[in-house]
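Trainee: Take this structure first; my questions come after.
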Amino acid sequence: MASRGEIGQEIRSARKKLGYTQKVVSEKSRVHKTTISEIENGHFTGSFDLFEKVLNCVGLQFEVVPKKYKLPAWDEIESLFTEDDE
């Protein structure tokens with residue numbers, strides 16, 4: 001799953017592609033402009049209902065997928081355990 005910041009960037013990008021300002025999204029979604037700013041900046045911790053209204057307004061939807069884990073490549077493992085001598 002994407003981080004809050006990544007989700008906010010996707011929402012901002014979709015909004016701009018539609019030519020909407022945060023004010024337009026606020027009027028269409030009936031969500032306060034400050035909340036939209038918080039969402040786009042990855043700082044939103046409010047209700048899913050508000051989040052969903054903004055997503056709907058910009059043509060996006062929330063999707064739940066299994067969490068993915070990224071393991072380091074073999075050549076990265078050694079560097080994870082080396083100490084800086086500087």
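Numbering-wise (UniProt numbering), the sequence shown opens with residue 1 and increments by one. Glycine is no exception: its CB is placed at the ideal position from the N, C-alpha and C atoms. All figures in this text were calculated on a predicted structure; none of them were measured in a lab.
For R30, count neighbouring C-beta atoms within 10 Å of its own C-beta (all shown protein chains included) and say buried if the count is 16 or more, exposed if not.
Mentor: Residue 30 sits at position 30 when you count from the first residue of the sequence shown. Exposed, because fewer than 16 other Cβ atoms sit within 10 Å of the Cβ of R30.
Trainee: With C-beta atoms as the reference, is A14 less than 8 Å away from G42?
Mentor: For the purposes of this step, residue 14 is taken as residue 14 along the sequence shown, with counting starting at 1. For the purposes of this step, residue 42 is taken as residue 42 along the sequence shown, with counting starting at 1. Taking 8 Å as the Cβ cut-off, A14 and G42 do not qualify as a contacting pair.
Trainee: Please confirm whether residue 97 and K23 have their CB atoms less than 8 Å apart.
Mentor: Absent from the model: residue 97. The displayed extent of the chain is 1 to 86, so no value can be given.
Trainee: Where T35 and D75 are concerned, what is the direct C-alpha to C-alpha distance, given to the nearest angstrom?
Mentor: As a position in the sequence shown, residue 35 is number 35, starting the count at 1. As a position in the sequence shown, residue 75 is number 75, starting the count at 1. Cα-Cα distance, rounded: 43 Å.
Trainee: Quick check: the Cα distance between P72 and G5, rounded to an integer number of angstroms?
Mentor: Locating residue 72 in the sequence shown gives position 72, where the first residue counts as 1. Locating residue 5 in the sequence shown gives position 5, where the first residue counts as 1. Approximately 23 Å between the Cα atoms of the pair.
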